[in-house]
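Take the position in the sequence shown, starting the count at 1, then add 7; the result is the number in the numbering used here. Built from N, CA and C at the ideal position, the CB exists for glycine as well. Keep in mind that this is a model prediction, so the values were computed, not measured. Comments concern the structure below.
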Amino acid sequence: MPATPLTGTPASASEQKKAAQRGVALDPTLPMGWTALARTHLALGELEDAVVTAQKALSLNPHLARAEAVMGIGLWQLDRAQDALSAFDRALANSPQDSYRWIIRGSRAIALALLERFEDAIAEARQAQLDPKANYLAYVGEACALGHLRRTDEARQAIRRGLEADPEFGIPLILHDFALPNERVREFLLEGLKLAGFSN
């Protein structure tokens, strides 16, 4: 998963998962413990487990924006983009000043692109990009949408801005950071990015 405070990194996720499992075993009533565990599932590509565990966190606290966000990221990869949008919308509503809103908006842009709501995806991605902390995740939905729209010049500008924010922005990094187990999602996302100007 992207190296963000919300999802962590795969290199550290196995150890974090063990710690989170110990935490929920010690006190299964704490929603943040379940959210931490869901986040590690997400980082390890265990998407179904991430969704189920995030739902457990939300059963304990229905207003936990970060659990909604983790669930949404898992859902769009599982080709459940509409459900992901609902989770992201709840996250934004429940935490209007969240310091991770750019992650939620960038992820929401990808879900919108997968639903072929391309103009909405572009607008949402550009909102995410306004945050100075934003990394390449904020540019994926815009580049994919512009690629599918065959708006080549704009797509290349989006890629250029994404590379300025994160020099490693590209298909290899996306494939490294996301499990993408669903064939339709994988093909649609990669096709849009290649149409935008990425060569591999």
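By the neighbour-count criterion, in which a residue is buried when 16 or more other Cβ atoms sit within 10 angstroms of its Cβ, Arg29 is exposed.
Per the coordinates, the alpha-carbon of Lys201 lies some 38 Å from the alpha-carbon of Met39.
Between Cys151 and Leu82, the beta carbon gap of about 17 Å keeps them out of contact (Cβ cut-off 8 Å). When only Cα atoms are considered, Leu54 and Arg163 end up about 31 Å apart.
Contact annotation: Leu49 and Ala57 have beta-carbon atoms nearer than 8 Å. A distance of 8 Å or more separates the beta carbons of Gln84 and Leu122.
Taking a C-beta distance under 8 Å as the contact criterion, Ala135 and Ala116 qualify as a contact pair. Judged by their CB atoms, Arg108 and Val77 are not nearer to each other than the 8 Å cut-off.
Our two residues, Arg73 and Val147, have alpha carbons roughly 20 Å apart in a direct line.
Less than 8 Å divides the Cβ of Gly113 from the Cβ of Leu144.
Linking Asp127 to Thr36 through their CA atoms gives a straight-line distance of about 38 Å.
Counting only runs that start and end inside the stretch 50-124, the alpha helix (DSSP H) elements of at least 4 residues fall at 54-67, 72-84, 88-101, 108-121.
Per DSSP, the unbroken alpha helix (DSSP H) holding Gly169 starts and ends at 159-172.
Between Ala203 and Ala165, the C-beta spacing is below 8 Å. Arg133 and Glu22 have their C-alpha atoms roughly 34 Å apart.
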